[in-house]
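Worksheet: the structure to be examined is printed underneath.
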Amino acid sequence: GMEGRGVSVGKGMGKDKVTVFVSNLSYTMAEPETKLRELFASCGEVVEVRAVFNNKGTFRGYCYVQFREEEAARQALALDRTAVEGRPMFVSPCVD
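This note's numbering puts the first residue of the sequence shown at 2, with every later residue one more than the last.
Here you go:
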(Lines of atoms letter the chains of each structure in order from A and count residues from 1; the text may use other names and numbers.)
(Lines give C-alpha, C1' and ligand atoms only; values in the text may rest on other atoms or scores of the structure.)
Protein backbone atom coordinates (compact mmCIF):
# COMPACT_ATOMS: atom_id res chain seq x y z
CA GLY A 1 0.00 0.00 0.00
CA MET A 2 0.88 3.68 -0.05
CA GLU A 3 0.86 4.17 3.73
CA GLY A 4 3.74 6.22 5.00
CA ARG A 5 5.25 6.83 1.60
CA GLY A 6 5.67 10.41 0.51
CA VAL A 7 2.90 11.70 2.74
CA SER A 8 5.13 13.24 5.38
CA VAL A 9 5.57 16.94 4.78
CA GLY A 10 8.59 18.65 6.24
CA LYS A 11 11.93 17.25 7.31
CA GLY A 12 11.47 13.73 5.97
CA MET A 13 11.42 14.85 2.34
CA GLY A 14 14.32 17.23 2.75
CA LYS A 15 16.59 15.78 0.08
CA ASP A 16 13.99 16.04 -2.70
CA LYS A 17 13.64 19.75 -2.08
CA VAL A 18 17.30 20.36 -2.86
CA THR A 19 17.47 18.00 -5.85
CA VAL A 20 16.35 18.57 -9.44
CA PHE A 21 15.90 16.06 -12.24
CA VAL A 22 17.54 17.06 -15.53
CA SER A 23 16.56 15.27 -18.73
CA ASN A 24 16.62 15.51 -22.54
CA LEU A 25 20.40 15.79 -22.54
CA SER A 26 22.46 14.54 -25.46
CA TYR A 27 23.53 10.88 -25.10
CA THR A 28 26.85 11.83 -26.64
CA MET A 29 27.63 14.51 -24.04
CA ALA A 30 31.17 14.08 -22.73
CA GLU A 31 31.55 14.21 -18.93
CA PRO A 32 27.92 15.15 -18.21
CA GLU A 33 28.59 15.41 -14.47
CA THR A 34 31.28 18.04 -14.95
CA LYS A 35 29.22 19.89 -17.53
CA LEU A 36 26.12 20.07 -15.35
CA ARG A 37 28.08 21.09 -12.29
CA GLU A 38 29.38 24.08 -14.27
CA LEU A 39 25.97 24.81 -15.73
CA PHE A 40 24.23 24.95 -12.36
CA ALA A 41 27.04 26.64 -10.41
CA SER A 42 25.31 29.99 -10.94
CA CYS A 43 22.31 28.76 -8.91
CA GLY A 44 24.22 27.89 -5.77
CA GLU A 45 26.51 25.26 -4.35
CA VAL A 46 26.19 21.90 -6.11
CA VAL A 47 26.65 18.99 -3.70
CA GLU A 48 26.42 16.14 -6.19
CA VAL A 49 25.60 15.41 -9.82
CA ARG A 50 24.47 11.86 -10.53
CA ALA A 51 24.39 11.06 -14.23
CA VAL A 52 22.42 7.96 -15.22
CA PHE A 53 24.17 5.41 -17.45
CA ASN A 54 22.92 2.14 -18.88
CA ASN A 55 24.68 -1.16 -18.20
CA LYS A 56 26.98 -0.61 -21.18
CA GLY A 57 28.20 2.65 -19.67
CA THR A 58 26.36 4.83 -22.17
CA PHE A 59 24.91 8.07 -20.83
CA ARG A 60 21.10 7.86 -20.76
CA GLY A 61 20.53 11.60 -21.13
CA TYR A 62 19.46 12.43 -17.62
CA CYS A 63 20.95 13.42 -14.29
CA TYR A 64 20.05 14.26 -10.73
CA VAL A 65 21.60 17.47 -9.42
CA GLN A 66 21.65 17.97 -5.65
CA PHE A 67 22.23 21.42 -4.18
CA ARG A 68 23.20 22.55 -0.70
CA GLU A 69 20.14 24.80 -0.38
CA GLU A 70 16.51 24.70 -1.43
CA GLU A 71 16.76 28.19 -2.93
CA ALA A 72 19.47 26.97 -5.32
CA ALA A 73 17.24 24.13 -6.49
CA ARG A 74 14.44 26.62 -7.09
CA GLN A 75 16.75 28.74 -9.21
CA ALA A 76 17.82 25.65 -11.12
CA LEU A 77 14.20 25.08 -12.17
CA ALA A 78 14.33 28.45 -13.91
CA LEU A 79 16.96 27.00 -16.26
CA ASP A 80 14.35 24.65 -17.73
CA ARG A 81 14.56 24.60 -21.56
CA THR A 82 18.02 26.13 -21.62
CA ALA A 83 19.80 24.97 -24.76
CA VAL A 84 22.66 22.59 -24.01
CA GLU A 85 24.65 21.32 -26.99
CA GLY A 86 21.82 22.44 -29.26
CA ARG A 87 18.85 20.87 -27.48
CA PRO A 88 16.64 22.10 -24.67
CA MET A 89 17.41 20.61 -21.28
CA PHE A 90 14.39 19.85 -19.13
CA VAL A 91 14.70 20.66 -15.43
CA SER A 92 11.99 19.42 -13.11
CA PRO A 93 11.48 18.93 -9.37
CA CYS A 94 12.87 15.65 -8.10
CA VAL A 95 10.10 13.22 -7.15
CA ASP A 96 10.97 9.71 -6.06
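For every residue, glycine included, the Cβ atom is placed at its ideal position computed from N, Cα and C.
- Comparing C-alpha distances from A84 to each of S27, A73, P94 shows the shortest one belongs to S27.
- If you check the CB distance, D81 and V92 come in under 8 angstroms.
- DSSP links F22 through a beta bridge to Y65, S93.
- Distance from the CA atom of L40 to the CA atom of D17, rounded to whole angstroms, is 20 angstroms.
- Where E49 is concerned, the enclosing beta strand (DSSP E) starts and stops at 47 to 54.
- Per DSSP, K36 is one residue of the alpha helix (DSSP H) stretching across 33 to 41.
- For a cut-off of 8 angstroms, the C-beta gap from V19 to R69 is around 7 angstroms, short enough to register as a contact.
- Per DSSP, the continuous alpha helix (DSSP H) segment holding E72 begins and ends at 71 to 78.
- Residues of the same chain with a CB within less than 6 angstroms of the CB of A73, apart from the 5 flanking positions on each side, are C44, G45 in chain order.
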